Amino acid sequence: MQPTIASFFKKD
Amino acid sequence: MFEARLMNATILKKILDAVKDLLNEGTFDCSDSGIQLQAMDNSHVSLVSLTLRSDSFDKFRCDRNLSMGMNLGTMAKILKCANNDDTVTIKAQDNADTVTFMFESQNHEKVSDYEMKLMNLDQEHLGIPDTDYSCVVRMPSMEFARICRDLAQFSESMVICCTKEGVKFSASGDLGSANVKLAQTSNVDKEEEAVIIEMQEPVTLTFACRYLNAFTKATPLCNQVQLSMSADVPLVVEYRISDLGHIRYYLAPKIEE
Chain A
527 MQPTIASFFK KD
Chain B
0 MFEARLMNAT ILKKILDAVK DLLNEGTFDC SDSGIQLQAM DNSHVSLVSL TLRSDSFDKF
60 RCDRNLSMGM NLGTMAKILK CANNDDTVTI KAQDNADTVT FMFESQNHEK VSDYEMKLMN
120 LDQEHLGIPD TDYSCVVRMP SMEFARICRD LAQFSESMVI CCTKEGVKFS ASGDLGSANV
180 KLAQTSNVDK EEEAVIIEMQ EPVTLTFACR YLNAFTKATP LCNQVQLSMS ADVPLVVEYR
240 ISDLGHIRYY LAPKIEE
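Sequences listed follow chains A and B, in order. Per this note's numbering, the first sequence runs over residues 527 to 538. Per this note's numbering, the second sequence runs over residues 0 to 256.
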């Protein structure tokens, strides 16, 4: 499965 | 007023080539310290982070912080209009809705300017945590590009396995399988040809080849590329841009269903 990058880095 | 000048258009052309396949548009955040761009690709799997330091520009003036949303396809078209040895000046007024690219030939006899409309982009900004990576590999950027291209023929995904002995890139699919092992360089004569591994713990991660191949569009920017990896966190692929800054690509690893 390919997770999104936003699932690793939080919104500023 | 914002004004940034580089004596040579080549580097800016290479930077655009390195991002335009992943990003259609992006916001350039300009401040006293320089220019930053952070944007996710359309599918939000990877993140591009570009930093250009103000002190490395031939001229840099930024009176007020400025965010300029640009269509990168249009910007690439405009930069194609510059000769490699032209001086490039990027200019914008405060609160302007356009940006101007001015190109000046070395003999100062030809001056052209191109004005581009700015866009209002509602982009998410992500906080990237400081991470101590388990493995950091430095290797020739051409070699990395070659491996990504070769292995993409076999599978959509590539496994990168890093131990203190070396780094192994593997892909397997219906056609067959491919493995490329690089050992750490024992005797570094030329730094740009070296493979150097700093390992705290061995790491094995799987990544989509199409993104890795997109990142290698930055190869002309630097002889060496740096891959930083830890279990279950995004890979960082970094290219330094001479003394001007760097471009970092972050890619989420694939996980088993």
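Using N, Cα and C, we set each Cβ at its ideal position, and we do this for glycine too. All values derive from a computational prediction rather than experimental measurement.
Min CB distance B:H43 to chain A below 8 Å:
yes
Excluding sequence positions up to five away, which residues of its chain have a Cβ less than 7 Å from the Cβ of B:P278?
As displayed, chain B neither begins before 0 nor continues past 256, which places residue 278 of chain B out of reach and without an answer.
Which residue's Cα is closest to the Cα of B:Y248: B:I14, B:E2, B:F168?
B:I14
Distance, B:E103 Cα to B:K189 Cα
36 Å
Would you kindly report the start and end of the unbroken alpha helix (DSSP H) that includes B:R24?
Looking at the sequence shown, residue 24 of chain B is not Arg but Glu. Here B:E24 belongs to no alpha helix (DSSP H); instead the beta strand (DSSP E) covers 24-30.
With a threshold of 7 Å, establish whether the CB of B:M228 neighbours any heavy atom of the ligand MN.
As far as ligands go, the structure on display features none, and thus does not contain the ligand MN.
Do B:C147 and B:N212 have their C-beta atoms closer together than 8 Å?
Their beta carbons are under 8 Å apart, which means B:C147 touches B:N212 by this criterion.
Chain A residues whose Cβ lies nearer than 9 Å to that of B:M39
T530, I531, A532
Less than 8 Å between the beta carbons of B:M8 and B:L51, yes or no?
According to the sequence provided, residue 8 of chain B is Ala. The question's Met does not apply to it. No, these two residues do not count as a Cβ contact at 8 Å.
Taking 8 Å as the threshold (C-beta atoms), are B:V232 and A:T530 in contact?
Contact annotation: A:T530 and B:V232 have beta-carbon atoms that are not nearer than 8 Å.
Chain A contacts from the stretch 125-137 of chain B (Cβ-Cβ distance under 9 Å)
Of all residues in the stretch 125-137 of chain B, only L125, G126, I127, P128 come within less than 9 Å of chain A when Cβ atoms are compared, listed by chain position.
CB contact check: B:P233 to chain A, cutoff 8 Å
By the rule that beta-carbons nearer than 8 Å mark a contact, B:P233 touches chain A.
Which bits of chain A does B:A268 rub up against, with CB to CB less than 7 Å?
With chain B covering only 0 through 256, there is no way to say anything about residue 268 of chain B.
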